[in-house]
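Q: To start, I am sharing the structure in question, which I have written as structure tokens.
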Amino acid sequence: NINGGRDVIFWLLSQLCYFMIIFVDVSKMSTLWTPAREKDRYGIAIHNYQQEEEPWRIKLIVGECVHILEENGEWYFGFTAKNRGLRGIFPKCYVEIMESIVDKSGPTEVTVLRQPHIVQELTSVLREWGTIWKHLYITHNENFKKIEHSMYELMRYRSQILSGTLPVDELKQVKILVTSKVDMCNKMLGLDMVVRDEHGNILNPEQTSTIQLYKHHEKATERIRKANSEPVNKKVPRPLSQQLTHTLFVSMRNFVCKMADDAELLMTLYDGKDNRAFTESYVVRWSREGLAREIDQIHNLRVLFTDLGSRDLGRERVYLVCYVV
Numbered sequence: 001n002i003n004g005g006r007d008v009i010f011w012l013l014s015q016l017c018y019f020m021i022i023f024v025d026v027s028k029m030s031t032l033w034t035p036a037r038e039k040d041r042y043g044i045a046i047h048n049y050q051q052e053e054e055p056w057r058i059k060l061i062v063g064e065c066v067h068i069l070e071e072n073g074e075w076y077f078g079f080t081a082k083n084r085g086l087r088g089i090f091p092k093c094y095v096e097i098m099e100s101i102v103d104k105s106g107p108t109e110v111t112v113l114r115q116p117h118i119v120q121e122l123t124s125v126l127r128e129w130g131t132i133w134k135h136l137y138i139t140h141n142e143n144f145k146k147i148e149h150s151m152y153e154l155m156r157y158r159s160q161i162l163s164g165t166l167p168v169d170e171l172k173q174v175k176i177l178v179t180s181k182v183d184m185c186n187k188m189l190g191l192d193m194v195v196r197d198e199h200g201n202i203l204n205p206e207q208t209s210t211i212q213l214y215k216h217h218e219k220a221t222e223r224i225r226k227a228n229s230e231p232v233n234k235k236v237p238r239p240l241s242q243q244l245t246h247t248l249f250v251s252m253r254n255f256v257c258k259m260a261d262d263a264e265l266l267m268t269l270y271d272g273k274d275n276r277a278f279t280e281s282y283v284v285r286w287s288r289e290g291l292a293r294e295i296d297q298i299h300n301l302r303v304l305f306t307d308l309g310s311r312d313l314g315r316e317r318v319y320l321v322c323y324v325v
């Protein structure tokens, strides 16, 4: 077929021209593309980017997750999480690199955002429940409202954990609460039950003996049975609202010392009995003229020591120590 052969030739020529255009555009950069470092393989788009006239440049939308494979000068090469099959280049200035890890446990390497394990589990659970939730709505299932309420509740707890404002004690309680909610709803939906330890952490079957797995499985089954047997209208105690945290506000007005050179002032809370600091240091760069070196810090030297729990209040001797370096 002459017409069919002609169409194939035209298609091959168009593809050849397409790759020649890419080569010309990329040749303007450095000729060496290097693999991205493991910690730089995950990013978030901070600006919209779209150039339809140059199809080898992929489209970015603000907030979109980007996986980076290679880099060259001011350009990245990779793909977006929404369209993994389409790969192309995009400017570095349009992407904010996020702290990530490379999971090499499976057959292929997977780059994921570095987050607490409980947040990763909640994300996976919400995605799985989202598909089931739509099916429950279509079939008018009686568990539709229960799952909907639980999903909103888990979303709220997930936001609290990601905010990083929860004290350690309250974070532990939230973790136990959400894992219990996940296990109970999985039981309701007929999904697989996850075996956990007493702190809510998922047990690794490769590192846990069969006897321990069986014991934790029995405990989880009993816990879920008791949770399902409780009346719906029973008021659940909210100990989290009673958890109090304390903060210490420090405002630095002036620092008087005879110095020949500029110095750094490091302020921290210090335990006089254990002879160690138990907070991070607040750093102030002080000039020899008697003023803060950063202009924006002048008359604005304030620090807030947060998340001071009952253990910190129970210390016998607490000092505010200032090191001069």
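If you read the sequence shown in full-length UniProt numbering, its first letter stands for residue 1, the second for the next number, and so on. C-beta atoms are modelled at their ideal positions from N, C-alpha and C, and glycine is treated no differently.
1) Beta-carbon separation of A81 and C65 under 7 Å?
2) Return helix, strand or coil for I97, following the three-state DSSP convention.
3) Determine the closest residue to F305 out of V283, V112, W56, with distance taken between C-alpha atoms.
4) Counting along the chain, where does the beta strand (DSSP E) carrying Y319 start and finish?
5) Pairs of beta-carbons, one from the region 174-182 and one from the region 151-161, closer than 8 Å: are there three or more?
6) Measure the C-alpha to C-alpha separation of V168 and E280 and round it to an integer number of angstroms.
7) Name the residue from G164, T131, E170, N141 whose alpha carbon lies nearest to the alpha carbon of M151.
8) Could you pull out every residue in the same chain whose Cβ sits closer than 7 Å to the Cβ of E70, ignoring the five residues on either side in sequence?
9) Report the three-state DSSP secondary structure of E280 (helix, strand or coil).
10) Just tell me which of I89, N201, H67 has its CA closest to the CA of Q50.
11) Closer than 7 Å by C-beta to V324: which residues in its own chain qualify, once you throw out the five before and the five after it? Chain order, please.
12) For M267 versus C322, is the C-beta distance shorter than 7 Å?
13) Measure the alpha-carbon distance for M252 versus G272 and round it to whole angstroms.
14) Spatial neighbours of E96 within its chain, please: CB distance less than 7 Å, with the 5 preceding and 5 following residues excluded, ordered by chain position.
A: Reading from the atomic positions:
1) Sequence index remark: in the sequence shown, residue 81 carries index 81 (1-based). Sequence index remark: in the sequence shown, residue 65 carries index 65 (1-based). Yes, the Cβ-Cβ distance between A81 and C65 is below 7 Å.
2) For this step, residue 97 is matched to residue 97 along the sequence shown. Strand at I97.
3) Taking the first residue of the sequence shown as position 1, residue 305 is located at position 305. Taking F305 as reference, the option from V283, V112, W56 with the minimal CA-CA separation is V283.
4) Stepping through the sequence shown from its first residue, residue 319 is reached at position 319. Element bounds for Y319: 318-324.
5) Yes, the region 174-182 touches the region 151-161.
6) Locating residue 168 in the sequence shown gives position 168, where the first residue counts as 1. Locating residue 280 in the sequence shown gives position 280, where the first residue counts as 1. The alpha-carbon atoms of V168 and E280 are separated by roughly 16 Å.
7) Your numbering for residue 151 matches position 151 in the sequence shown. Checking every option, the nearest Cα to that of M151 belongs to T131.
8) Against the sequence shown, residue 70 aligns to sequence position 70. These residues qualify, in order along the chain: W33, T34, P35, A36, F77.
9) Here residue 280 refers to the residue found at position 280 when the sequence shown is read from its first residue. DSSP, read as helix, strand or coil, puts E280 in coil.
10) Start at 1 with the first residue of the sequence shown, and residue 50 comes out as number 50. With distances taken between CA atoms, Q50 lies nearest to I89 out of I89, N201, H67.
11) If you number the sequence shown from 1, residue 324 lands on position 324. Excluding sequence neighbours, V324 sits near C257, A263, L265.
12) Residue numbering aside, residue 267 sits at position 267 when the sequence shown is read from its first letter. Residue numbering aside, residue 322 sits at position 322 when the sequence shown is read from its first letter. Contact flag set, yes.
13) Here residue 252 corresponds to residue number 252 of the sequence shown, with the count starting at 1. Here residue 272 corresponds to residue number 272 of the sequence shown, with the count starting at 1. In this structure, the straight-line span from the alpha carbon of M252 to that of G272 is close to 22 Å.
14) The residue labelled residue 96 in the question sits at position 96 within the sequence shown. The beta carbon of E96 sits closer than 7 Å to the beta carbons of G43, I44, I46 from its chain, once the five residues preceding and following it are set aside; these are given in chain order.
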